[in-house]
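>
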Amino acid sequence: MSLDQIPAELLHNVCSHCSKHEIRSLRLTSRFVSAVADEHFLRDLVLFYLRSEFDTVEEIVKNPRVAKGVRSVRFQADRLLSRGDGPKGFSKIRKSVARLGNLTAPQPSEDDAVPVESERQQRQRRREVVKHKAPAPAKLAAKEAEFTYLKLYLDQAELMTEERSMICMQRLFTACPKLDSAIVTMQHYADTGPTLMSPAPWHSVRMFLQLQVTPWRDDMSSRILCRPSNELVTAAFEAGRKLKSLTLSPISHQFFSQEEEAMAELHSVISELEQVHICLDGEFEFDRDDAAEEARMQAMEDEGIAIDEILESVAETHDEAARRVLGALEDERVARFLHHAPSLSEISLKGPIVDEPHLKPVELSHLVGTDPPWTHLRSLTLLEFSCEHPQLVALILKYRDSLEHLRLEGAKIDSSLNWWRVWEAIAGKLPKLKTFKIDDDILLWSRVSYWKKDAVQALERYILTGERPHISEIWM
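For the sequence shown, our numbering assigns the number 2 to the initial residue and increments by one for each residue that follows.
(1) Count the other C-beta atoms from every protein chain shown that fall within 10 angstroms of the C-beta of Gln276, then say buried if there are 16 or more, exposed otherwise.
(2) Can the beta-carbon of Leu244 be found less than 8 Å from the beta-carbon of Ile271?
(3) How about Asp288 and His319: are their beta carbons less than 8 Å apart?
(4) Quick check: the segment 348 to 364 against the segment 317 to 334, are at least 3 beta-carbon pairs closer than 8 Å?
(5) Looking only at its chain, what residues have a beta carbon closer than 8 Å to the beta carbon of Leu173, apart from the 5 residues adjacent to it on each side?
(6) Can you tell me whether DSSP reads Glu461 as helix, strand or coil?
(7) Helix, strand or coil: which one does DSSP assign to Lys63?
(8) Contact check, Ser344 vs Glu273 under 8 Å by CB: the rounded distance?
(9) Whole angstroms is fine: what's the gap from Thr466's alpha carbon to Gly429's?
(10) State buried or exposed for Arg121, treating a residue as buried only when at least 16 other CB atoms are found within 10 Å of its CB.
(11) According to DSSP, Cys227 sits in a beta bridge with which residue or residues?
(12) So Val185 packs on Leu249, CB below 8 Å; how close in whole Å?
(13) Looking at the structure shown, is Gly328 part of a helix, part of a strand, or coil, going by DSSP?
(14) Looking only at its own chain, which residues have a Cβ that is under 6 Å from the Cβ of Glu461, when we skip the five neighbours before and after it?
(15) So for Gln125, helix, strand or coil by DSSP?
(16) Starting from Ile443, follow the beta strand (DSSP E) in both directions and report where the run begins and ends.
(17) DSSP has Glu347 in a bridge; who is on the other side?
(18) Indicate the three-state DSSP secondary structure (helix, strand or coil) for Pro549 in the structure shown.
(19) Span of the beta strand (DSSP E) holding His367?
(20) In chain order, what residues of the same chain lie with their CB nearer than 8 Å to the CB of Val424, ignoring the 5 residues before and after it?
(21) So, for Ser199: in the same chain, excluding its five sequence neighbours on each side, which residues have a beta-carbon less than 6 Å away from its beta-carbon?
(22) Leu48 and Val67 - do their beta-carbons sit closer together than 8 Å?
(23) Where Pro432 and Ala322 are concerned, what is the direct C-alpha to C-alpha distance, given to the nearest angstrom?
(24) Any idea if Ser387 is buried or exposed, counting beta-carbon neighbours within 10 angstroms, 16 or more meaning buried?
(25) Looking at the secondary structure, which residues open and close the beta strand (DSSP E) in which Glu410 lies?
(26) May I have the straight-line CA-CA distance separating Leu378 from Leu153, to the nearest angstrom?
(27) Please classify Arg124 as buried or exposed, where buried requires at least 16 neighbouring CB atoms within 10 angstroms.
(28) Could you say which of Ile427, Pro391 and His18 lies nearest to Leu404 if we only look at CA atoms?
(29) Would you call Arg242 buried or exposed, if buried means 16 or more other Cβ atoms sit within 10 Å of its Cβ?
(30) Name the residue from Val369, Pro373, Glu347 and Leu368 whose alpha carbon lies nearest to the alpha carbon of Leu407.
(31) Here's a check: name, in chain order, each residue in its chain whose Cβ is nearer than 7 Å to the Cβ of Leu393, leaving out the five neighbours to either side.
(32) Where His471 and Leu398 are concerned, what is the direct C-alpha to C-alpha distance, given to the nearest angstrom?
Structure follows, in structure tokens:
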């Protein structure tokens, strides 16, 4: 009897008593055995915002043997951006397709050939036939890209109406008893084009043809990533589940100040959270409270104010939008959210990137609060924040007995001259610290020769061991 003739149930029992190395060896015997063995390896699911993805995931978790092994889900909530200008929006794409150089036009049929002509004349005739009967390769590719784009765009709109992602999440948390880790993320914009907010035309063509789409926002509102995050939280809450790990990137600041009922569900789901990774959205102009803005415009309209004046009053510059978002974060909404997870041992927080030199990044106290409740913090990553240097020192030393990993980037303290005071305060006082990472800007402000590997290593060694390097060893 061959392995293919063994009942699948018996093979599952065999795999359940085998090590991973033994299961990998079984996979090499036949496709049938490989399909059965693979069910014992599936731990992480990656889900894109496509109908086929939702169908596939729902079919996978119908198998109880597979579902019981799933521990994490990554929801890539990218959706197509809306092109309101119709076919004209693809004009640049059509021009760029011609420069790809690897697209071929369809060959003419045998009926169009002229056998009595010479070989040179036949080649010329074929070129004329192709030119006359077949569209140019660039137009073919552009039309295919446009068709694919519009088809996906309309289907994603239907998925939103059907609340398909919500249904999929509910089935996931119901079928997978070990699912306790979730990542909700989106690309939000492409950094490969001429500007951050619009991908290069040739890159768009590639993405359209390969069904790799670049999003603008996750829905028609400006609450970046709020809808898919809420769907995941609601599904977990209704299934009575508690998450151990949660990643939200990039997430609107409005996610942390929703209605009381939504926040109650969120706090329940994260009450046993151990790892959290949050990246606050930095596209200030688009991160707006649409409901409040519409109410304001309606009130002005009721007062008889002209529409031009209303639109002018609502319009914002980038500087004004940045001040609005940073001002909203001053109520410590992020810190209050994190304080509902007292068991956190790994925290990674990234504030919105502020490009204006006259504006400071979000305050550290607005992210972690003034008196964090966590008792056993092992990993701390803080990116794009500002604070007084004693505040940073106090936060780090509070976890001197447990901190193993420390990373600081994009930080601004009261004075760049005080960075060395920070290092002196924490050097050698973190006995369990294994890794210490800072970016080049902090090294520069610390007057460390950041282009010299030995100098950087000397500073890291100083923080880890307390062994103070000689001034000539690290300073510029």
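All C-beta atoms in this analysis are idealised placements derived from N, C-alpha and C, irrespective of residue type, glycine included.
Reading from the atomic positions:
(1) Taking the first residue of the sequence shown as position 1, residue 276 is located at position 275. Burial call: buried.
(2) Position 243 of the sequence shown, counted from the first residue, corresponds to residue 244. Position 270 of the sequence shown, counted from the first residue, corresponds to residue 271. For Leu244 and Ile271, yes; Cβs fall inside 8 Å.
(3) On the sequence shown, residue 288 is found 287 positions in, with the first residue counted as 1. On the sequence shown, residue 319 is found 318 positions in, with the first residue counted as 1. It is not a contact, given that the beta carbons lie outside the stated cut-off.
(4) The segment 317 to 334 makes contact with the segment 348 to 364, as at least three CB pairs between them are under 8 Å.
(5) Residue 173 sits at position 172 when you count from the first residue of the sequence shown. The answer, listed in chain order, is Leu46, Val58, Val62, Val71, Val74, Leu180 and Ala236.
(6) For this step, residue 461 is matched to residue 460 along the sequence shown. Looking at Glu461 - three-state DSSP - the assignment turns out to be helix.
(7) Counted from its first residue, the sequence shown places residue 63 at position 62. For Lys63, the secondary structure class from DSSP, reduced to helix, strand or coil, is coil.
(8) Indexing the sequence shown from 1 puts residue 344 at position 343. Indexing the sequence shown from 1 puts residue 273 at position 272. Yes, Ser344 and Glu273 are in contact; Cβ-Cβ is about 6 Å, under 8 Å.
(9) Within the sequence shown, numbered from 1, the residue matching residue 466 stands at position 465. Within the sequence shown, numbered from 1, the residue matching residue 429 stands at position 428. Thr466 and Gly429 have their alpha carbons spaced roughly 5 Å apart.
(10) Within the sequence shown, residue 121 is the residue found at index 120, counting from 1. With fewer than 16 other CB atoms across the displayed protein chains lying within 10 angstroms of its CB, Arg121 is exposed.
(11) The residue labelled residue 227 in the question sits at position 226 within the sequence shown. Cys227 is not bridged to any residue.
(12) In the sequence shown, the residue the question calls residue 185 occupies position 184. In the sequence shown, the residue the question calls residue 249 occupies position 248. So it is a contact: roughly 6 Å between Cβ atoms.
(13) In the sequence shown, counting from the first residue as 1, residue 328 sits at position 327. Of the three classes helix, strand and coil, the one that applies to Gly328 here is helix, per DSSP.
(14) For the purposes of this step, residue 461 is taken as residue 460 along the sequence shown, with counting starting at 1. The residues are Phe437.
(15) Locating residue 125 in the sequence shown gives position 124, where the first residue counts as 1. When secondary structure is reduced to three states using DSSP, Gln125 falls in the helix class.
(16) Along the sequence shown, read from residue 1 onward, the residue named residue 443 stands at position 442. Element bounds for Ile443: not the beta strand (DSSP E) but the alpha helix (DSSP H), Asp441 to Trp446.
(17) Indexing the sequence shown from 1 puts residue 347 at position 346. DSSP output for Glu347 lists Gln276 and Ser380 as bridge partner(s).
(18) This structure cannot speak to residue 549, because the chain is shown only from 2 to 477.
(19) For the purposes of this step, residue 367 is identified with residue 366 of the sequence shown, where counting begins at 1. Looking at the DSSP string, His367 is not in any beta strand (DSSP E); the run it does join, the alpha helix (DSSP H), is Leu365 to Val369.
(20) Walking along the sequence shown from the start, residue 424 turns up at place 423. According to the sequence as given, residue 424 is Trp; it is not Val. Excluding residues within five positions, the ones whose Cβ falls inside 8 Å are Ser447, Leu460, Tyr463 and Ile464.
(21) Locating residue 199 in the sequence shown gives position 198, counting from the first residue. Any reading at Ser199 needs caution, since the residue's pLDDT is 41, under 50, leaving its predicted position unreliable; the model's value is listed next. Excluding sequence neighbours, Ser199 sits near nothing in its chain.
(22) By 1-based counting over the sequence shown, the position of residue 67 is 66. By 1-based counting over the sequence shown, the position of residue 48 is 47. The answer is no: Cβ separation not under 8 Å.
(23) As a working note, residue 432 is residue 431 in the sequence shown. As a working note, residue 322 is residue 321 in the sequence shown. Approximately 43 Å, taken between the alpha carbons.
(24) Your numbering for residue 387 matches position 386 in the sequence shown. The residue in question, Ser387, is buried, as its Cβ has 16 or more Cβ neighbours within 10 Å.
(25) Indexing the sequence shown from 1 puts residue 410 at position 409. Segment His406 to Ile414, the beta strand (DSSP E) holding Glu410.
(26) Sequence index remark: in the sequence shown, residue 378 carries index 377 (1-based). Sequence index remark: in the sequence shown, residue 153 carries index 152 (1-based). Leu378 and Leu153 have their alpha carbons spaced roughly 44 Å apart.
(27) Taking the first residue of the sequence shown as 1, we reach residue 124 at position 123. With fewer than 16 other beta carbons inside 10 angstroms of its own, Arg124 counts as exposed.
(28) For the purposes of this step, residue 404 is identified with residue 403 of the sequence shown, where counting begins at 1. Among Ile427, Pro391 and His18, the Cα nearest to that of Leu404 belongs to Ile427.
(29) Looking up residue 242 in the sequence shown gives position 241. A residue is called buried when at least 16 other Cβ atoms come within 10 angstroms of its Cβ; Arg242 meets this threshold and is buried.
(30) Counting from one through the sequence shown, the residue named residue 407 turns up at place 406. Minimum Cα distance to Leu407 is reached at Glu347.
(31) The sequence position of residue 393 within the sequence shown is 392, counting from 1. Contacts found: Leu365, Ile414 and Val423.
(32) Numbered from 1 along the sequence shown, position 470 holds the residue referred to as residue 471. Numbered from 1 along the sequence shown, position 397 holds the residue referred to as residue 398. His471 and Leu398 have their C-alpha atoms roughly 25 Å apart.
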